[in-house]
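Right, one structure below, let's go through it.
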Amino acid sequence: MLAACAVVVMITFVRHRAAPEDEDPSETPDVIEYMTMWIGVVYAIVLGLAIAGVWEGRSAAQDHVQAEAAALHEISERVRVYPAEERDRVRDDIRTYVSHVVTTEWDTMANEGEVTERGAWLFERIRQDVTDYEPATDFEAQAYQPLMDQVTAASQARIARAESTGETMPGVVWFGLIAGAVVTIGMIFALQIRRTTRELVLAGLFSALIAFLLFLIWDFDSPYSRGVTASADPFLNLFPGVGD
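In numbering that gives the first Met the number 0, the protein residues as written are 0 to 243.
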C-alpha cells in the first residue's frame with residue numbers, strides 16, 4: 000500500500016515537471032472524466048466479485064474441516080454399542096488420525112498444498128475398522144449402517160479438503176485484476192492531476208485501497224496457507240488434547 004502511494008506521488012511529480020508550461024489541468028475533456036468514472040465502476044465490480052469468490056472458497060474450506068471433524072466425532076460416539084475391544088480400537092485410530100491431521104498434515108497443506116499419504120493410510124484404517132466388523136446382535140446391526148454413512152461423509156469431506164488446499168484464482172484472472180488496477184490508477188493521470196496536497200492525498204489513498212484489496216484477494220486465495228486461513232479448531236474442539 001505504501002509502495003502504491005509512493006509510485007503515484009512520484010509519477011505525479013515527474014509528470015508535473017515534464018508538462019508544458021501552458022498546460023491547463025482544468026481543460027480535461029469531459030469524455031475522459033466519463034471514461035474514468037466508468038472504468039472505476041467496472042473495476043470495482045470485478046474486485047467485488049473476486050473478493051466474494053475467494054471468500055466463498057475460504058468458507059467452503061472451513062466447512063469441509065467442520066464436516067470431517069463432525070463425522071469422525073459421530074463415529075467415535077456411535078461405536079459405543081460395539082464390544083469394548085472394537086470400540087477402543089476405532090476410537091484410538093480416530094484420535095491417531097486426528098492428531099496427525101492437526102500436527103503434521105495441516106503444516107503440509109500450508110507449505111506444500113497437499114495432504115499426506117500417512118493421513119490417507121490412517122483414514123483407511125478407520126474405514127477398515129468399521130467395515131470389517133461383523134455385528135453380533137441386532138442392536139449392533141442397526142448401528143452398522145449409520146456408522147458406514149458417517150465414514151462416507153468423513154471420506155467425502157477429506158477429499159474436498161484435499162482439493163481445496165491450492166490456490167483458486169486462475170492466472171488469467173490475476174492478469175485482469177493487475178492490468179485493471181494499472182489502467183484504473185493510470186486514468187488518474189489522464190485527468191491531469193496537479194500537485195496540490197488534496198489531490199495527492201486522494202490519489203494516494205485511492206491507489207492504496209486498490210493495493211489493499213488485491214492483497215486481500217491474494218490472502219484469501221489459498222485457504223490453508225496464508226493470513227486469514229481455515230483453522231483446525233473443529234478437530235481440536237471435538238477431540239480435546241489431540242494436538243498436545
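C-beta: ideal position from N, C-alpha, C; glycine also.
- prompt: Can you tell me whether Gly179 is buried or exposed, with buried defined as 16 or more other CB within 10 angstroms of its CB?
  reply: If you number the sequence shown from 1, residue 179 lands on position 180. Buried, by the Cβ-count rule.
Three-way DSSP call (helix, strand, coil) for Ser154 in this model: Locating residue 154 in the sequence shown gives position 155, counting from the first residue. In this structure, Ser154 counts as helix in the three-state DSSP scheme.
query: With 16 other CB atoms within 10 Å as the buried threshold, where does Val277 fall?
result: Residue numbering for the chain in the displayed model covers 0 to 243; residue 277 lies beyond these limits and cannot be assessed.
- prompt: In terms of residue numbering, what span does the alpha helix (DSSP H) encompassing Ser224 cover?
  reply: The count along the sequence shown starts at 1 and reaches residue 224 at position 225. Looking at the DSSP string, Ser224 is not in any alpha helix (DSSP H), and its letter there is neither H nor E.
field: Cβ-based neighbour list, Val100, same chain, cut-off 8 Å, excluding 5 preceding and 5 following
entry: In the sequence shown, residue 100 corresponds to position 101, counting from 1. Excluding positions up to five away in sequence, the list reads Gly118, Ala231 and Phe234.
message: Quick check on Ser206: buried or exposed, where buried means 16 or more other Cβ atoms within 10 Å of its Cβ?
response: Position 207 of the sequence shown, counting from 1, holds the residue named residue 206. Buried, because 16 or more other Cβ atoms sit within 10 Å of the Cβ of Ser206.
Rounded separation between Leu237 and His72 - CA only: The residue labelled residue 237 in the question sits at position 238 within the sequence shown. The residue labelled residue 72 in the question sits at position 73 within the sequence shown. Whole-angstrom Cα-Cα distance: 7 Å.
Residue burial classification, Glu104 (beta-carbon count within 10 angstroms, cutoff 16): Here residue 104 is taken as the residue at index 105 of the sequence shown, counted from 1. Glu104 comes out buried.
query: Between the C-alpha atoms of Val40 and Val8, what's the straight-line distance to the nearest angstrom?
result: For the purposes of this step, residue 40 is taken as residue 41 along the sequence shown, with counting starting at 1. For the purposes of this step, residue 8 is taken as residue 9 along the sequence shown, with counting starting at 1. Our two residues, Val40 and Val8, have alpha carbons roughly 23 Å apart in a direct line.
message: For Ala83, count the other beta carbons within 10 Å of its own beta carbon; 16 or more makes it buried, fewer makes it exposed. Which is it?
response: As a working mapping, residue 83 is identified with position 84 in the sequence shown. The residue is exposed, with fewer than 16 neighbouring Cβ atoms inside 10 Å.
query: Does the Cβ of Glu67 have 16 or more other Cβ atoms within 10 Å, making it buried, or fewer, making it exposed?
result: Against the sequence shown, residue 67 aligns to sequence position 68. If you draw a 10 Å sphere on the C-beta of Glu67, you find 16 or more other C-beta atoms in it, and that means buried.
- request: Could you pull the start and end residues of the alpha helix (DSSP H) that Arg79 belongs to?
  value: As a working mapping, residue 79 is identified with position 80 in the sequence shown. That residue, Arg79, is in no alpha helix (DSSP H); it is neither H nor E in DSSP.
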